[in-house]
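Residue numbers (my numbering), protein chains in the order written: chain F, 11 to 350; chain H, 2 to 252; chain D, 2 to 412.
Note sheet for the following structure.
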Amino acid sequence: MDAFFLQILNGLDKGSAYALIALGLTLIFGTLGVVNFAHGALFMLGAFCAVTLQRLLSLSFETIDETKTDFLGNPLKVKTPYVEGWFGPEIGGSIIDWAVPLSILIAIPFMIGVGYVMERGLIKHFYKRPHADQILVTFGLAIVLQEVIKYFFGANPIQTPPPDALLGVVNIGAPLGLELAYPIWRMVYFLFAVGIIGGVFSFLQFTTFGMVVRAGMADRETVGLLGIDIDRRFTFMFGLAAGVAGLAGVMYGPINPPNYHMGMDFLVLSFVVVVVGGMGSLPGAVLAGFMLGILESFASTTWATTTIPGINQIIIYLVAIIVLLTRPRGLMGRKGVMED
Amino acid sequence: MGILEVKGVNKRFGGLQALGDVNLSVEENIVHAIIGPNGAGKSTLLNCLVGKLIPDTGSVTFDGQSVLGRTPYEINQMGISRVFQTPEIFGDLTVFENMVIPAFAKRDGSFRMHAIESVAAEKDICMKAEQMLVEVNMQDKIQMHAASLSRGDKRRLEMAMCLLQEPRLLLLDEPTAGMARADTNNTIDLLKEIKEQRDITICIIEHDMHVVFSLADRITVLAQGTPLVEDSPENIRGNPKVREAYLGEAA
Amino acid sequence: MGLNKSDMTLLIVVAILALGAPFILNPFPVDSGMAQFNAGYPDLMQRFVIFGILAIGFNILFGLTGYLSFGHAAFLGVGSYAAVWMFKLLSYNVLPAIALSVVVAGLFSVLIGYVSLRRSGIYFSILTLAFAQMSFALAYSVLSNPKFNLTNGETGLQVYAGDPQIFHREGLPDVPHLFGIAMRDNFLELKMGGWEFTFNNGYYLCAIIMLVVFYLAIRLFRSPFGLMLRAVKSNQNRLNYTGLNPKPYTLAAFIISGMYAGLAGGLLASMDPLAGAERMQWTASGEIVLMTILGGAGTLIGPVLGAGFIKYFENIFSKINDNVLHQWFAFMPDGMEDFMVFIVHPFVGKGWHLTLGILFMLVVTFLPGGLVEGGQRIANLFRNRGKKKGDDDSYKPDPEHHPKETPHVAE
Numbered sequence: 011m012d013a014f015f016l017q018i019l020n021g022l023d024k025g026s027a028y029a030l031i032a033l034g035l036t037l038i039f040g041t042l043g044v045v046n047f048a049h050g051a052l053f054m055l056g057a058f059c060a061v062t063l064q065r066l067l068s069l070s071f072e073t074i075d076e077t078k079t080d081f082l083g084n085p086l087k088v089k090t091p092y093v094e095g096w097f098g099p100e101i102g103g104s105i106i107d108w109a110v111p112l113s114i115l116i117a118i119p120f121m122i123g124v125g126y127v128m129e130r131g132l133i134k135h136f137y138k139r140p141h142a143d144q145i146l147v148t149f150g151l152a153i154v155l156q157e158v159i160k161y162f163f164g165a166n167p168i169q170t171p172p173p174d175a176l177l178g179v180v181n182i183g184a185p186l187g188l189e190l191a192y193p194i195w196r197m198v199y200f201l202f203a204v205g206i207i208g209g210v211f212s213f214l215q216f217t218t219f220g221m222v223v224r225a226g227m228a229d230r231e232t233v234g235l236l237g238i239d240i241d242r243r244f245t246f247m248f249g250l251a252a253g254v255a256g257l258a259g260v261m262y263g264p265i266n267p268p269n270y271h272m273g274m275d276f277l278v279l280s281f282v283v284v285v286v287g288g289m290g291s292l293p294g295a296v297l298a299g300f301m302l303g304i305l306e307s308f309a310s311t312t313w314a315t316t317t318i319p320g321i322n323q324i325i326i327y328l329v330a331i332i333v334l335l336t337r338p339r340g341l342m343g344r345k346g347v348m349e350d
Numbered sequence: 002m003g004i005l006e007v008k009g010v011n012k013r014f015g016g017l018q019a020l021g022d023v024n025l026s027v028e029e030n031i032v033h034a035i036i037g038p039n040g041a042g043k044s045t046l047l048n049c050l051v052g053k054l055i056p057d058t059g060s061v062t063f064d065g066q067s068v069l070g071r072t073p074y075e076i077n078q079m080g081i082s083r084v085f086q087t088p089e090i091f092g093d094l095t096v097f098e099n100m101v102i103p104a105f106a107k108r109d110g111s112f113r114m115h116a117i118e119s120v121a122a123e124k125d126i127c128m129k130a131e132q133m134l135v136e137v138n139m140q141d142k143i144q145m146h147a148a149s150l151s152r153g154d155k156r157r158l159e160m161a162m163c164l165l166q167e168p169r170l171l172l173l174d175e176p177t178a179g180m181a182r183a184d185t186n187n188t189i190d191l192l193k194e195i196k197e198q199r200d201i202t203i204c205i206i207e208h209d210m211h212v213v214f215s216l217a218d219r220i221t222v223l224a225q226g227t228p229l230v231e232d233s234p235e236n237i238r239g240n241p242k243v244r245e246a247y248l249g250e251a252a
Numbered sequence: 002m003g004l005n006k007s008d009m010t011l012l013i014v015v016a017i018l019a020l021g022a023p024f025i026l027n028p029f030p031v032d033s034g035m036a037q038f039n040a041g042y043p044d045l046m047q048r049f050v051i052f053g054i055l056a057i058g059f060n061i062l063f064g065l066t067g068y069l070s071f072g073h074a075a076f077l078g079v080g081s082y083a084a085v086w087m088f089k090l091l092s093y094n095v096l097p098a099i100a101l102s103v104v105v106a107g108l109f110s111v112l113i114g115y116v117s118l119r120r121s122g123i124y125f126s127i128l129t130l131a132f133a134q135m136s137f138a139l140a141y142s143v144l145s146n147p148k149f150n151l152t153n154g155e156t157g158l159q160v161y162a163g164d165p166q167i168f169h170r171e172g173l174p175d176v177p178h179l180f181g182i183a184m185r186d187n188f189l190e191l192k193m194g195g196w197e198f199t200f201n202n203g204y205y206l207c208a209i210i211m212l213v214v215f216y217l218a219i220r221l222f223r224s225p226f227g228l229m230l231r232a233v234k235s236n237q238n239r240l241n242y243t244g245l246n247p248k249p250y251t252l253a254a255f256i257i258s259g260m261y262a263g264l265a266g267g268l269l270a271s272m273d274p275l276a277g278a279e280r281m282q283w284t285a286s287g288e289i290v291l292m293t294i295l296g297g298a299g300t301l302i303g304p305v306l307g308a309g310f311i312k313y314f315e316n317i318f319s320k321i322n323d324n325v326l327h328q329w330f331a332f333m334p335d336g337m338e339d340f341m342v343f344i345v346h347p348f349v350g351k352g353w354h355l356t357l358g359i360l361f362m363l364v365v366t367f368l369p370g371g372l373v374e375g376g377q378r379i380a381n382l383f384r385n386r387g388k389k390k391g392d393d394d395s396y397k398p399d400p401e402h403h404p405k406e407t408p409h410v411a412e
C-alpha cells in the first residue's frame with residue numbers, strides 16, 4: 011500500500027512537468043493553430059534562467075584574509091560573492107541559497123519576452139503556412155536555442171540545488187498512518203505546478219480576455235469576424251505559454267540538473283501527452299500529463315522492469331498508440347480539431 | 002421506382018433535428034432540384050447521399066443498392082459523382098492531370114498499384130482526358146495549374162472530371178453560389194448541354210430560383226428538415242405553401 | 002528506358018556525377034591549402050550516396066503525399082540491425098544483408114504505417130515521432146538484455162569472432178564483401194601530378210544501387226501511382242469523391258519509402274559492419290527531413306542534392322577549428338582577425354549543429370522549395386534580364402519542380 015502511494019507521488023513531479031509543457035503546447039496550438047516544436051526549448055531556457063541567476067549571484071570578488079594563511083604561510087585569498095558584500099553574509103547568503111525560487115522573478119519577464127519575440131519575429135509569418143512548415147521552422151529554432159545554450163553552458167548537466175530549507179525528505183503519509191518519504195522539493199514542484207495550472211485556468215475562465223481566447227480556440231474565424239483584435243491576444247497567449255514552460259523549467263532544475271538537451275527530451279513526451287489528452291483540450295493536456303507521469307513511475311518499479319525489461323522507456327509511447335487507435339481524438343479531444 | 006430512393010431518413014445533431022423523416026425518389030434521366038431556405042437540411046441530406054454522414058435511421062438506395070455505411074469513394078464507384086459548392090479540384094496539378102485521375106478511377110477502381118509505366122504511356126486514358134477537355138472547351142488550358150484557373154473554369158473543370166466518369170447520378174451542391182450573373186448563365190448552359198447529350202440523372206441543390214426553374218424537371222421543397230412538397234416546376238411556382246415557406250420571404 | 006527526354010538527361014547527369022565522383026570531388030591537389038575542401042574520400046562519398054538513397058525514399062512519402070514522417074530514422078536503424086545480423090549468422094557477403102535489410106524495413110513500415118496512417122496531418126507526424134522514439138528506446142535498452150539480446154544496446158551490434166557465420170569460407174575476406182570483393186578496398190588508386198583519386202569498391206556498389214533506385218524513383222514519379230500520391234497531397238477530399246481510396250496509396254508510399262530507408266541502413270552497415278541505436282534517434286529523423294527540404298521536397302534531384310550538401314558541409318565544418326580560422330583570416334589586421342575568429346567560431350567545428358539549425362530556419366522561411374527552387378530563381382533572374390519589364394509572364398512554373406504550398410500537412 012505504501013509502495014503504491016509512493017509510486018503515485020514519484021510520478022507527480024514528472025507529471026507536473028509534462029502537464030505544464032503540454033498546457034502551453036495546447037494553448038499555442040488551440041489559439042494560434044501552430045505546432046510548436048520549440049516548446050521544449052522554452053522549458054530548457056527556463057531552467058537555464060535559474061542556472062544564470064545562480065551564476066550571477068555567485069560572482070565573487072577576492073579579498074585577502076590576513077588572519078588565515080595557507081600552508082606556505084602566504085595570506086589566504088578569500089572569495090566573497092558580491093551579494094554577500096552588499097547585503098552582509100546573512101542576507102546575501104540566503105539570497106544565494108534561494109537562487110532557484112528567486113529565478114522565477116527573472117524568468118517571468120524573460121520568458122514572456124522570449125515568447126513575444128518568437129511570435130512576432132517568426133511564428134507570425136507561419137500562420138498561413140502548412141503545418142509541415144511550422145513544424146520544420148520551430149524544429150530548426152529548437153536546434154538553434156539548444157546549441158546556443160550548449161555553447162555558453164557546455165554539454166554537461168549543471169547542478170542547481172534547492173534552498174537548504176527545502177532540502178531533505180518529509181513523511182507526508184504521517185497523517186494517514188503511512189510511511190511515505192517524499193523529497194520536499196518535489197512536493198514544492200507539484201504544488202507550484204498545481205498553482206500555475208489553477209492560475210491559467212482561472213485566468214481563462216474568469217477574465218474577459220480569457221473568454222475571448224476560449225472563444226478563439228473554439229472557433230477562430232468567427233471571433234476574428236467579431237472585430238476583436240485577436241492577433242494581439244494571441245501574441246500574449248504565446249508569451250503566456252512560453253512563461254508557463256519557462257517556469258516549469260526553472261523549478262525543475264533541482265529535480266534534474268539542467269542540460270542543453272533536456273528540452274528535446276521533454277518535448278517528444280509532451281507531444282505525446284498532448285495527443286493522448288486530446289489536441290486542443292486544456293484539461294485533457296493536464297490530465298494526460300499527470301496520468302502518464304504516474305504511469306511512467308509505476309513502470310519504473312523493479313517489479314515492472316524485471317517483468318518486462320525496459321518497459322519504463324516505452325510505456326508512454328505504447329499507451330499513446332493504444333489511445334490513438336481506440337480514441338483517435340485523444341481522451342478529451344473535440345471533434346474537428348486539426349482534422350479536416 | 003427511381004434511381005435514388007431515400008426512405009424515412011432522420012438525422013440529429015445533438016438537440017437539432019436536421020432531417021426528419023425525409024422521403025425522396027429521384028427518377029432516372031431527369032433533373033431533380035432540391036430547394037429550401039437556409040437551414041432546411043439540404044446539405045445534410047446531400048452528405049447522407051454521398052457517405053459523408055450516416056443517417057440515424059432510414060435507408061438510402063441507389064439503383065437498388067444501399068449506400069449507407071459505404072465510404073465516399075465506394076459510393077462514387079457505384080456511379081454517383083459530386084460537384085461541390087466551391088470547386089474541389091487538385092490545385093497543385095495541371096488541368097490535364099486533373100482529368101486523368103478520374104479516368105484512372107473509372108478504369109482501375111479505387112486502388113491500383115502501377116508505379117512503373119508512365120502516365121503518358123496510358124494512351125487511351127490520355128485520349129479520353131483530352132477529348133473531355135475539348136468537349137468542355139478547355140483544351141487551350143491543358144497544361145495550366147488548376148489552382149490558377151478562374152473560378153468559372155474551376156467549376157467547369159470539376160464538372161468535366163465528374164462527367165468523365167460517366168456517372169449515372171450527378172449531385173450538384175449549389176453550383177452557382179457566389180457566381181456573377183454571366184457565369185451563372187454559362188453554368189446553366191453547360192448543364193443543359195449535359196442533360197441533352199447524356200443519359201444522366203442530375204440532382205441539384207440550389208438557392209438561385211433562376212437556375213432551378215431553367216433546369217429542373219422535378220422539384221422537392223425542403224423546409225425544416227422535411228420535404229414540404231414535390232412537384233413539377235410549374236406547380237411549385239403556384240404552390241401557396243411553398244410561397245409561404247420559401248419564395249415568400251425570398252421575393 | 003521508358004523515360005522522357007528531360008528525365009533521361011537528368012538520370013545521365015546524375016550517373017556521370019555519381020560514377021565520376023572520385024574525380025569530381027577531388028579537384029584540389031593533395032598538398033595544396035585547398036585540399037581540406039576535397040570530398041573524394043571513400044568514406045564521405047559513401048555517405049553522400051547512402052544518404053542520397055535515404056532522402057530519395059523520404060521524398061517519395063513527403064514530397065509526393067505531403068505526409069511528414071518524423072520517424073524515418075527508425076527504418077534506417079532497423080535496416081542496419083538486419084544487415085549486421087546477416088553478417089553474424091550467414092557470412093560477410095553484403096547481398097543477403099542488403100536484401101534482408103530492405104525486407105525487414107518494409108515489414109516494419111507496414112506495421113508503423115498502418116497505425117500512423119490512421120491519422121493525418123500533425124497527428125501523423127507525432128505518431129511517427131513516437132514510434133521512432135519507441136524504436137530507439139527498444140534498440141537502446143529494451144531489446145538488449147542478457148535474456149534476449151537483439152541490439153547489443155549502447156555498444157552497438159557488431160560481428161564477433163564467435164558468431165556462427167555459417168557460409169563463411171576460408172579465403173573470403175573477414176570484412177563485408179560482395180562475393181569476395183571487400184567493400185573497404187580500393188580497386189584503383191590514381192596518382193596524377195599532385196592529385197590523388199581513390200576508387201573504392203564499396204562506394205561503387207552504393208553508387209550503382211543509388212542509380213538504380215533513383216531510376217525507379219523517376220519511374221514512380223511519372224507513373225499513375227505517383228500522380229495519385231500527388232493528388233493525395235493536393236486534395237484528399239476530391240480524391241475520395243473521385244472514387245479513389247487514399248489510404249492504400251499513402252500506405253504503399255510509406256512502405257516504399259521505408260524500404261528505401263532500410264536499404265540505406267543496410268548499405269551503411271555493409272560499409273562499416275556496425276549498427277547502433279543512435280542512428281534511430283529523432284534528431285536523425287530530423288536530419289532526413291532537412292536534407293529533403295533543403296534540396297527541394299517533391300523534386301527528383303532535390304533530395305540527392307540536399308543529402309550531398311549537408312553531408313559535405315557537415316564534414317567540412319566539423320574539421321574547421323580555431324587554427325584553421327586564424328589561417329583564413331590571417332590577411333586581416335590582428336584585432337580584426339581575432340574578432341572574425343570569435344564571430345565565426347560558434348558556427349564551426351562542434352557548432353555545426355547551430356549552423357544546421359539556422360540553415361534549416363532560413364530555408365523553410367525563405368526558400369520552401371529548397372536548393373532546386375533557389376536554382377530556378379537564379380536561372381529565371383538571368384533569363385529575364387535583358388527582357389522588357391512586365392515580360393515576366395514567360396515564367397511558367399514547372400509542375401514537377403515547383404511544389405506549391407498546401408494548407409495542411411495532408412488534409
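Using N, Cα and C, we set each Cβ at its ideal position, and we do this for glycine too.
Shown here, D/M193 sits in a strand according to DSSP, grouped into three states.
Under the rule that a run must span 4 or more residues, the alpha helix (DSSP H) segments found entirely inside the region 39-115 of chain D read 43-66 and 74-90.
Among the residues of chain D, those whose CB is under 9 Å from the CB of F/G320 are A138, L139, Y141, S142, V143, L144, S145 and N146, following chain order. DSSP lists F/E72 as the beta-bridge partner residues of F/K89. At a C-beta separation below 8 Å, H/E123 has these neighbours in chain D: P225. Counting the other Cβ atoms within 10 Å of the Cβ of D/V213 gives fewer than 16, which makes it exposed. Contact between H/G52 and H/P73 holds, since their C-beta atoms are separated by about 4 Å, short of 8 Å.
Counting only Cβ-Cβ distances below 7 Å, D/L221 has contacts in chain H at A116, in chain order.
If you ignore the 5 residues before and after H/N30, its C-beta comes within less than 8 Å of the C-beta of D200, I201 and T202, all in its own chain and listed in chain order. Contacts with chain F (Cβ-Cβ distance below 9 Å) from the region 368-388 of chain D involve P369, listed in chain order. For the pair F/G259 and F/A32, the CB atoms are not nearer than the 8 Å cut-off. In this structure, the alpha-carbon of D/A100 lies about 13 Å from that of D/Y93.
Taken residue by residue, none of the region 290-319 of chain D has a beta-carbon sitting less than 8 Å from a beta-carbon on chain H.
A direct Cα-Cα distance of roughly 23 Å separates F/G95 from F/A175.
Secondary structure at H/H146: strand, using DSSP grouped into helix, strand and coil.
Taking every protein chain shown into account, the CB of D/G370 has 16 or more other CB atoms within 10 angstroms, so this residue is buried. Between the region 55-68 of chain H and the region 101-112 of chain H, the count of C-beta pairs closer than 8 Å stays below three; the two stretches do not touch.
At a cut-off of 8 Å between beta carbons, D/P28 makes no contact with chain H.
Scanning chain H for C-beta atoms nearer than 8 Å to the C-beta of D/R170 yields nothing, as the closest lies near 38 Å away. The C-beta separation of D/A232 from H/I81 comes to about 20 Å, leaving the pair out of contact by the 8 Å criterion.
Between H/N138 and H/V96, the alpha-carbon positions lie close to 12 Å from each other. Under the 8 Å criterion on CB atoms, F/F149 is classed as interfacial with respect to chain D. Excluding sequence positions up to five before and after D/T66, its CB lies within less than 7 Å of the CB of L230, V233, K234, T251, A254 and A411, all in the same chain and listed in chain order. Inter-residue distance for F/R243 and D/G58 is about 42 Å (C-alpha atoms, whole angstroms).
According to DSSP, residue pairing for H/T227 in a beta bridge involves H/A224.
Assignment of F/L279 by DSSP, reduced to helix, strand and coil, places it in the helix class.
Distance check between H/L229 and each of H/Q18, H/L150, H/K242 and H/D218 places H/K242 closest, using alpha-carbon atoms only. Against chain D, a Cβ distance below 7 Å from F/P167 picks out nothing, because the smallest value is about 18 Å.
Nearest CB-CB separation between H/A41 and chain D: not below the 8 Å threshold.
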